[in-house]
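Each residue of the sequence shown is one higher than the one before, starting from 1 at the first, in the UniProt record's numbering.
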Amino acid sequence: MSETALALADAERTDLSDLVDTECYPLEDFNGPRMQDVIGRVQDDLAEDGCAVLRGFMRPAALQRASAEGRELARKTFFSSARVNAWFTRDDPSLGDDDPRRIFMDRTSGFVTRDMIPADMVIQQIYVSPAMKRLVAACIGEDEVFEYADPFAGLVQNVLPPGTSQPWHYDTNEYIVTMMTEKPEVGGEFEYCPNIRSAAGENYDRVGAVIRGEDMATSKTLRLEPGDLQLFKGRYSLHRVTEVGGERERHTAIFAYSQQPGVVGRLERTRQLYGRVSEAHIQAERERVERADGLLD
Ligand SMILES: O=C(O)CCC(=O)C(=O)O
Ligand SMILES: [Fe+2]
Numbered sequence: 001m002s003e004t005a006l007a008l009a010d011a012e013r014t015d016l017s018d019l020v021d022t023e024c025y026p027l028e029d030f031n032g033p034r035m036q037d038v039i040g041r042v043q044d045d046l047a048e049d050g051c052a053v054l055r056g057f058m059r060p061a062a063l064q065r066a067s068a069e070g071r072e073l074a075r076k077t078f079f080s081s082a083r084v085n086a087w088f089t090r091d092d093p094s095l096g097d098d099d100p101r102r103i104f105m106d107r108t109s110g111f112v113t114r115d116m117i118p119a120d121m122v123i124q125q126i127y128v129s130p131a132m133k134r135l136v137a138a139c140i141g142e143d144e145v146f147e148y149a150d151p152f153a154g155l156v157q158n159v160l161p162p163g164t165s166q167p168w169h170y171d172t173n174e175y176i177v178t179m180m181t182e183k184p185e186v187g188g189e190f191e192y193c194p195n196i197r198s199a200a201g202e203n204y205d206r207v208g209a210v211i212r213g214e215d216m217a218t219s220k221t222l223r224l225e226p227g228d229l230q231l232f233k234g235r236y237s238l239h240r241v242t243e244v245g246g247e248r249e250r251h252t253a254i255f256a257y258s259q260q261p262g263v264v265g266r267l268e269r270t271r272q273l274y275g276r277v278s279e280a281h282i283q284a285e286r287e288r289v290e291r292a293d294g295l296l297d
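Written out as structure tokens, the structure is:
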């Protein structure tokens, strides 16, 4: 590519060597021993810990660009402070006072949604790249993964200015891929409790002890640097980002992929998180209702 050509997000572009440190992570020699070693280690870490990190994934110059772009993007952040419990459910007074579902915390972090992120920005180029999808699929043991069809949620920048935090929660997606582009001076730490719940049960007692701050031993703190790529099983591992201190904001790009194409988020949840909905969300919700009526399947 010539120096002057504008690099755009392109779902056919397989070469990420201008952005990713392909000496450490040779994406172009995917089946070679070095890349397969990396994937094997990530798979082991995910199985054991629910979390894996590819340190120094980005080239320094690309990271610098991504950080600058992240600061520019942050001006478009939508903040939707809310009191939420770890399950994003409503208060249920019929539960006991000490039930963790009755513990409500402040979410003060904000998001920049995918539709606000230009195609020439680093994180958008990475998100749509087939090399990235192949990497993520291999790490989670799938044949293929897909971008969300959701116009807002597949790629978002998480923005935590000083004084904000993201309280204990689970993700709706089984896996999430994250890259920090701006690190705060203090705080803003990612804490997680590996596989604290499972498909078999919520484990309310232990989860409650963590949320109430009575159990400090179960959660782990991840040491994360800008340019590291994190893979995380957020559906089963309770996690949070602690309050950011100092002067600098905390920015992370969140890449969400799905095992099936066509995923669109729920209407109410989208409105709650991003302050608005798109035609795609309205349409997807209509189709869900029709299906629930038994008319389509
Ligand atoms: O910003 C991060 O490091 C993770 C944020 C997170 O857990 C989320 O947005 O669901
Ligand atoms: Fe999360």
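Even glycine gets a Cβ: it sits at the ideal position worked out from N, Cα and C.
>> At 3 residues or longer, what runs of the beta strand (DSSP E) sit wholly inside the segment 9-47?
In response: none
>> Quick check on Met179: does DSSP put it in helix, strand or coil?
In response: strand
> Quick one: Cα of residue 334 to Cα of Gly208, how far?
Replying inline: Nothing can be reported for residue 334, as the shown portion of the chain is limited to 1 through 297.
> Is the segment 166-175 in contact with the segment 104-119, if contact means three or more CB pairs nearer than 8 Å?
Replying inline: yes
> Count the other CB atoms within 10 Å of the CB of Ser94; is the residue buried (16 or more) or exposed (fewer)?
Replying inline: exposed
> Can you check whether the CB of Ile117 is closer than 8 Å to the CB of Leu155?
Replying inline: yes
> Where does the unbroken alpha helix (DSSP H) through Arg134 begin, and where does it stop?
Replying inline: 130-140
> Within 7 Å: the Cβ of Asp171 and any heavy atom of ligand 2?
Replying inline: yes
> Of all the alpha helix (DSSP H) runs that stay within the bounds of the UniProt domain "Fe2OG dioxygenase" (150-261), which reach a length of 4 or more residues?
Replying inline: 204-211
> Where does Ala82 fall in DSSP's three states?
Replying inline: strand
>> Quick check on DSSP: helix, strand or coil for Leu296?
In response: Its pLDDT being 49, under 50, Leu296 is placed unreliably by the model, and the measurement read from it follows with that caveat. In the structure shown, Leu296 sits in coil (DSSP, three-state: anything other than H, G, I, E or B).
> Among the residues of its own chain, which have a CB less than 8 Å from the CB of Pro184, if the five just before and after it don't count?
Replying inline: Leu160, Pro162, Val244, Gly245, Gly246, Arg248, Glu249, Arg250
>> Our contact map puts Phe146 next to Ser258 with C-beta atoms below 8 Å; I'd like the distance itself, whole angstroms only.
In response: 5 Å
>> Using beta carbons (cut-off 8 Å, strictly below), is Thr252 in contact with chain C?
In response: The chain inventory of the structure shown lacks chain C, comprising one protein chain alone.
> Which residues in the same chain as Met121 place their Cβ atom closer than 6 Å to its Cβ, once the five residues preceding and following it in sequence are excluded?
Replying inline: Glu69
> CA-CA distance, Leu73 and Leu135?
Replying inline: 26 Å
> Whose C-alpha, out of Asp99, Thr113, Lys133, is nearest the C-alpha of Lys76?
Replying inline: Thr113
>> So, at 6 Å on beta carbons, what are the nonlocal neighbours of Ile126 in its own chain, with the 5 sequence-adjacent residues on each side left out?
In response: Met132
> Helix or strand or just coil, what does DSSP make of Met116?
Replying inline: helix
> Around the Cβ of Asp18, are there at least 16 other Cβ atoms within 10 angstroms (buried) or fewer (exposed)?
Replying inline: exposed
> Less than 8 Å separating the beta-carbons of Pro261 and Ala149?
Replying inline: yes
>> By the three-class DSSP mapping on this structure, what secondary structure does Asp106 have?
In response: strand
>> On a Cα-Cα basis, can you pick out the residue from Phe57, Asp99, Asp215, Glu285 that is closest to Arg269?
In response: Glu285
> Does DSSP put Leu273 in a helix, in a strand, or in coil?
Replying inline: helix
> So, helix, strand or coil for Glu147, using DSSP?
Replying inline: strand
>> Given 7 Å as the limit, tell me if Gly234 has its C-beta closer than that to any heavy atom belonging to ligand 2.
In response: yes
>> I'd like to confirm the pairing. Which residues does DSSP put opposite Phe111 in its beta bridges?
In response: Phe78, Asn158
>> Just to confirm before moving on: does the CB-CB distance between Cys139 and Ile39 stay below 8 Å?
In response: yes
> Where does Ala52 sit, in a helix, a strand or coil, going by DSSP?
Replying inline: strand
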